[in-house]
Ligand SMILES: [Ca+2]
Ligand SMILES: [Ca+2]
């Protein structure tokens, strides 16, 4: 190879290396630490009787009882806080494992779920909480999560009231994803504040126990300090469960490939 060719060859190689590096960091940039400010003030949490009737009709549900834990709709006033724009990703969690020596959750071995920009899954509640504390944040309360998802006006979904199945990664691959999707692939599903994937992709751990709302008339054997509330539905659930008022529940020690999380911090 003569000198001129060699220079050219090295130039191409240099370009390729820069290109690959920017690709890798591009992935990290999507997820690492981007947060959204949720302003202080009141919002409507939970579901009215009318909301419940709507869901029953829309999803041809067999029982009104499925929805009773969302009632009554009530106003909650929160101070301002920051919330992660995206669910915590595999790339985020890899940095944490490197820094702390913590072991990987088992889905790190699953090729369908382990792209760096896909949400980390299969972590029990305490491990999700530990990650947030390491990142100098914490898990959201149920109220914080719901306000960040649906804004102040009591809408069914982050984007409004239309039950549009293409606005979120839910069950089935009609939305192009059979499993979890990389963060931010559903721009139409964005919340009023700009938070991504609050409907679908993965359910998200919250700080709170599954307790009745004040004024709730529903007899429910699952209330108490047994289950943690999870929010938003997942790639494994239907559009009904992706409503922002839905109160999912999971035992804190459950490790599921449809449960992930995001963190919040004080303003
Ligand atoms: Ca899907
Ligand atoms: Ca989600």
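Numbering (my numbering), first residue to last: 600 to 866. Beta carbons: idealized from backbone N, C-alpha and C, even for Gly. Fair warning: this is a prediction, and the values are worked out from it, not measured in the lab.
**Chain-order list of residues whose beta-carbon lies under 8 Å from that of residue 640 (same chain, five-residue window excluded)** = 676, 677, 751
**Request:** Determine which residues share a DSSP beta bridge with residue 737 and list them.
**Result:** 863
**Message:** Any heavy atom of ligand 1 closer than 7 Å to the beta-carbon of residue 595?
**Reply:** Within the shown structure, residues of the chain are numbered from 600 to 866, placing residue 595 beyond reach of any answer.
**Message:** Quick check on residue 756: does DSSP put it in helix, strand or coil?
**Reply:** strand
**Run of the alpha helix (DSSP H) containing residue 547, from where it starts to where it stops** = Since the first residue shown for the chain is 600 and the last is 866, residue 547 is missing from the structure and cannot be characterised.
**Proximity of residue 683 and residue 634 at Cβ, strictly below 8 Å** = In contact: residue 683 and residue 634 (Cβ atoms closer than 8 Å).
**Prompt:** If you count every other CB in all the chains shown that lies within 10 Å of the CB of residue 711, and 16 or more means buried, which is it?
**Reply:** exposed
**Asked** What are the partner residues of residue 681, as DSSP defines its beta bridges?
**Response** Assignment of beta-bridge partners to residue 681 by DSSP yields 636, 864.
**Request:** Check whether the Cβ of residue 735 lies closer than 7 Å to any heavy atom of ligand 1, and answer yes or no.
**Result:** no
**Message:** Tell me whether residue 776, by its Cβ, gets closer than 7 Å to a heavy atom of ligand 1.
**Reply:** Set against 7 Å, the gap from the CB of residue 776 to the closest heavy atom of ligand 1 is smaller.
**Request:** Helix, strand or coil for residue 642, going by three-state DSSP, please let me know.
**Result:** strand
**Message:** So the candidates are 736, 819, 754; which of them puts its Cα closest to the Cα of residue 865?
**Reply:** 736
**Request:** Could you tell me the distance, in whole angstroms, from the CA atom of residue 617 to the CA atom of residue 714?
**Result:** Bear in mind that the predicted position of residue 617 carries a pLDDT of just 39, short of 50, making it too unreliable to give a figure here.
**Request:** Tell me whether residue 689 counts as near ligand 2, meaning its Cβ is closer than 7 Å to at least one heavy atom of that ligand.
**Result:** The closest heavy atom of ligand 2 lies 7 Å or more from the beta carbon of residue 689.
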